[in-house]
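Numbering (this note's numbering), first residue to last: 50 to 435.
In structure tokens form, the structure reads like this:
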């Protein structure tokens, strides 16, 4: 065997130079593959850890949100201290809750709304002022709102047809504020928000109705509440538009309405009384209303004497033709409506023949009027002192 045969033996144990570089390359490829697989597994593990962290935190936050939703922040117990809050007409449970939270009565609106929703009597909560406590549980706050003893405001009802001075007297009796304070407040027409056509005169603009007065409020605040109600009602019924359609000024409508209110007994008679006024003005006939004379005298009576008719006042419609210079009372909505929509008719007279039962009769001729006057005198005989 020669040296050449020794090196070329394919089954020998010696090195084989032709195949060595290929195996090294394969090993390098396998190492790279193993490194890539390792990196991939690490990335996957990191991603899984990140997802778990994110969703785990979200779950905690979600649970906290759900707990807050189901169990909103609320105080415990009956609270302490004192605070006056106002519940306005038409306030929803949410609106009431907002008011209570703003005054630190309840901790959250949601907690109160939840308590409000569970209370079957919730809709019976009346508008007005309430004496509440600070930091009350929502259920305790609900119970106090439903307790009539917690009402803190001064509720007053102003009847239709009252004169301004009579309104002041009613308010003074209810609030303890002196009448003179209301008289002083009435002089600030701009501060009260009177419309321009009122010309600073509050008479006729103290809208009748029920009011809840702030127990800590002033005379001016009480009067402004009534003027604000007038403006709101006047806008809702289109007072200025109706006055224009009737070829009257809004001030004239209020004056006419105050006469209708003062002279009428039943609202069903208002349109007829309004017609009498229109008819008298049309023919140039003095109104000759006792109510205007009594307004000038600041009296209330059915027994008007001849000497009363001599009072020197522009409100004396026996001496002065046309309408008085302004309203003589504070009319309600029916009287205002009648002032712009009088009933059709030829009447020139009306007489309250039975004031006890608010019976008013109408006449066109003087002879008819005299008969009605006799009926009234008969009523007076049966009711001495009137």
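We put the beta carbon where it would ideally sit given N, CA and C, even for glycine.
{"Item": "How many Å lie between residue 252 and residue 242 at the Cα?", "Value": "13 Å"}
{"Item": "Short of 7 Å in beta carbon distance, which residues of its chain neighbour residue 234, apart from the five on each side in sequence? Order them along the chain.", "Value": "268, 269 and 272"}
{"Item": "What do you get for residue 277, buried or exposed, if any count of 16 or more other CB atoms within 10 angstroms of its CB means buried?", "Value": "exposed"}
{"Item": "With a CB to CB cut of under 8 Å and the five nearest residues on each side skipped, what residues in its chain are close to residue 226?", "Value": "220, 267, 268 and 271"}
{"Item": "Relative to the C-alpha of residue 121, which residue among 128, 131 and 146 is closest?", "Value": "146"}
{"Item": "Please report the distance separating the alpha-carbon of residue 295 from that of residue 375.", "Value": "18 Å"}
{"Item": "Using 8 Å as the threshold, is the stretch 397-411 in touch with the stretch 298-317, meaning 3 or more CB pairs across them?", "Value": "yes"}
{"Item": "Got a sec, what are the start and stop residues for the alpha helix (DSSP H) residue 384 sits in?", "Value": "382-389"}
{"Item": "State the beta-bridge partners of residue 267 as determined by DSSP.", "Value": "DSSP lists no partner for residue 267."}
{"Item": "Check the DSSP bridge columns for residue 410 and list the partner residues they point to.", "Value": "400"}
{"Item": "Which word fits residue 321, buried or exposed, when buried means at least 16 other C-beta atoms lie within 10 angstroms of its C-beta?", "Value": "buried"}
{"Item": "Classify residue 275 as helix, strand or coil using the three-state DSSP reduction.", "Value": "helix"}
{"Item": "Suppose contacts are defined by Cβ-Cβ distances below 8 Å. Is residue 394 in contact with residue 324 by that definition?", "Value": "yes"}
{"Item": "Please classify residue 154 as buried or exposed, where buried requires at least 16 neighbouring CB atoms within 10 angstroms.", "Value": "buried"}
{"Item": "Once you ignore the five residues that flank residue 300 on each side, which residues in its own chain have a CB closer than 8 Å to its CB?", "Value": "246, 247, 248 and 375"}
{"Item": "Taking the continuous alpha helix (DSSP H) assigned at residue 426, which residues delimit it?", "Value": "415-431"}
{"Item": "Leaving out five residues before and five after residue 259 in sequence, what residues of the same chain have Cβ atoms less than 6 Å from its Cβ?", "Value": "206"}
{"Item": "Given 8 Å as the limit, is there contact between the stretch 354-373 and the stretch 278-295, that is, 3 or more CB pairs closer than that?", "Value": "no"}
{"Item": "Grab the span of the alpha helix (DSSP H) containing residue 288 for me, first residue to last.", "Value": "288-294"}
{"Item": "Alpha carbon to alpha carbon, how far is residue 396 from residue 386? Give it in angstroms, no decimals.", "Value": "19 Å"}
{"Item": "So, under 8 Å CB-CB, residue 335 and residue 304 are touching, yes? Tell me the CB distance rounded to an integer number of Å.", "Value": "Between residue 304 and residue 335 the Cβ distance is about 16 Å, and since that is not below 8 Å, they are no contact."}
{"Item": "Would you identify the three-state DSSP class for residue 260, choosing helix, strand or coil?", "Value": "strand"}
{"Item": "Residue range of the alpha helix (DSSP H) that residue 341 falls in?", "Value": "339-346"}
{"Item": "Can you give the Cα-Cα distance for residue 188 and residue 208, rounded to whole angstroms?", "Value": "37 Å"}
{"Item": "Alpha carbon to alpha carbon, how far is residue 319 from residue 326?", "Value": "11 Å"}
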